[in-house]
Structure formats: C-alpha cells, structure tokens
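These notes concern the structure reproduced below.
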Amino acid sequence: MKFNVLKKSIVSFLAIGVIFLQVAAPVSAEVVVSGAKWTNTVTVSGVKYLNTPVNTTYLATNWQTPGSTAVSNWTNYSGSYVKASVQNNSTSKVDCASKVSGTWYSWAPANAYAITNIQDSSGVWAYNFNTGASNSLGTSFVYAQIYTNPMYDSNSDLSQTSKTYVLTHEIGHTQNLGHTQSQTTASVMRTGYASYSWANYDRPQDYDRAVLVALYQTYLGR
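So the sequence shown is residues -29 to -1, 1 to 193, counted in mature numbering (1 follows the signal peptide of the UniProt record, and there is no 0).
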C-alpha cells in the first residue's frame, strides 16, 4: 500500500539523539524487531545489497536537500551494505513527507522531529495510523513511511545538517536498526535531542556499520 501524502500517517516514535564519541560492540536490543530484516535486495556485480528506494517529493522545502543527502548517506557510509536511491512514488519502498502546520498527531510527542512506520510482508503496520496503537510486526520488512514534524520546517528551528541527521536516522529504522543504547557511542541511531559532539554526526558511524554487519552479513552472503 503506497501512501497519499497527508492522508496516511506514520506512527513510530523513533526519536533522535544526543551524541558523544566512542565505538562499542552492538547489542542485541538495538533492533526494531528481533530477527527481522529489510528484505528488499538488489544484486550488483554479484554482490547483494539492501535495496532502499526512497521518495522525498512530498517533504517541505527545507527538508528536500536533507532528504536526498540522507538517502546518499546510507549508500556512501553503510559499509557497502545499503544501496539507497531517490525514486518516485511508484517505485519507492520508503516514502517521506512533511506534515503541515496544525496536522501533527495528537497522540505523538509534540516535539518529535519525525515519526516512522514500517510495514511487513503480511501488510501489518507497526502502528495504527489513526490511534498510534502498536501492532506486532513479522520479520520481513518491505515498506515504510516517514513524516516530519512541521514544528521544525524552519532552518532556525532545526538546521539543514540536523534535518539530514533526522532523516538518516529514520531511514536507519526501516533497515531494522533500533536506537543505540549507549550514551557514549557515536551513532546516527542515538536518541535524545540535538547536542552533537563529533564531525559528520548526520552520517552512519562505525557503530552503525557494525550493527548492519551483525544483522545482515549472513543474509547478504558477505
């Protein structure tokens, strides 16, 4: 099921992070669903990748460049595990859009930067679109939607780099990357609010790449 912008909603509170510097081993809790995989793949020159076509058309103006950069981030900094690309709504597997002022969800945290919902191969969504009630997902993730909060449309409220961080983080969730638990680890999947202490915080880090290896090395035949 593809989305109609502003008619279907995304409802996973996958919040964003306060960040410090350290590389550690990934822990099993740092996934969205234990044992699950993003199962869209593509093989290029005999190498299998996670295929992540993303539609950014319906993002607000100030989110457009961060959207395309976030997509590139996963291709460029995933350790050659992800092939992400900007696609139109007919071919995308991750659809992004911005809510407009006054339409942010009453059940969602008012200050969340963005919310993401994932759909499994049986058509089950992680959350109910209307109420925010959670559902149990299967282990094959096939589609996702990401909405940004209109509170942060202005660059004075959230910089372009931080917007890139938000969308890179949310795309990470579609690959079954959960929140990094350590508060001393450099990771684009860290949670919290907007205090970043290393260069290129808007990109996947060594820790995030280690989580991808733990999740997908065998699955992708690496």
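Ideal placement from N, C-alpha and C gives every residue a C-beta, glycine not left out.
Fair warning: this is a prediction, and the values are worked out from it, not measured in the lab.
Endpoints, the beta strand (DSSP E) within which residue i is located
i	result
residue 90	85 to 91
residue 54	53 to 57
Anticipated Cβ contact below 8 Å, residue i with residue j, distance rounded
i	j	result
residue 12	residue 22	5 Å
residue 188	residue 157	Contact doesn't hold; Cβ gap of about 21 Å is too wide.
residue 200	residue 138	Examination of residue 200 is not possible in this model, given that the chain is present from -29 through 193 alone.
residue 70	residue 114	About 19 Å separates the two Cβ atoms, so there is no contact after all.
residue 83	residue 126	That pair is no contact at about 18 Å.
residue 182	residue 148	6 Å
residue 52	residue 20	7 Å
residue 178	residue 136	About 15 Å separates the two Cβ atoms, so there is no contact after all.
residue 131	residue 66	Not a contact, Cβ separation roughly 21 Å.
Residue i - partner residues in DSSP beta bridges
i	result
residue 151	161
residue 8	111
residue 68	29, 118
residue 189	According to DSSP, residue 189 bridges with nothing at all.
residue 168	None, per the DSSP bridge assignment.
residue 2	148
residue 96	90
residue 105	98
residue 13	20
Unbroken alpha helix (DSSP H) run spanning residue i, endpoints
i	result
residue 20	Run containing residue 20: none in the alpha helix (DSSP H); it sits in the beta strand (DSSP E), 18 to 29.
residue 130	Premise fails: residue 130 is in no alpha helix (DSSP H) and is neither H nor E.
Of the residues the options, the one placed nearest residue i, counting alpha carbons only
i	options	result
residue 170	133, 46, 180, 144	133
residue 144	16, 82, 51, 45	45
residue 225	111, 16, 66, 135	Coverage of the chain is limited to positions -29 through 193, which leaves residue 225 absent and any answer about it impossible.
residue 30	18, 193, 101, 60	60
residue 62	76, 28, 122	28
residue 102	117, 116, 78, 124	78
residue 72	155, 161, 43, 118	118
residue 80	122, 155, 152, 68	122
residue 9	155, 174, 146	146
residue 38	49, 142, 50, 168	142
residue 49	168, 192, 159	159
Cβ of residue i within 7 Å of any chain C Cβ
i	result
residue 84	Note that chain C does not occur in the displayed structure, where there is just one protein chain.
message: Under 8 Å, with one C-beta from each stretch per pair, do the segment 33 to 40 and the segment 2 to 15 reach the 3-pair mark?
response: No contact exists between the segment 33 to 40 and the segment 2 to 15.
query: Would you call the segment 106 to 121 and the segment 89 to 97 touching, i.e. three or more CB-CB distances under 8 Å?
result: Contact annotation: the segment 106 to 121 touches the segment 89 to 97, with at least three C-beta pairs closer than 8 Å.
- prompt: Should the segment 80 to 94 be regarded as contacting the segment 47 to 59, the criterion being three or more beta carbon pairs within less than 8 Å?
  reply: Not touching, per the Cβ criterion.
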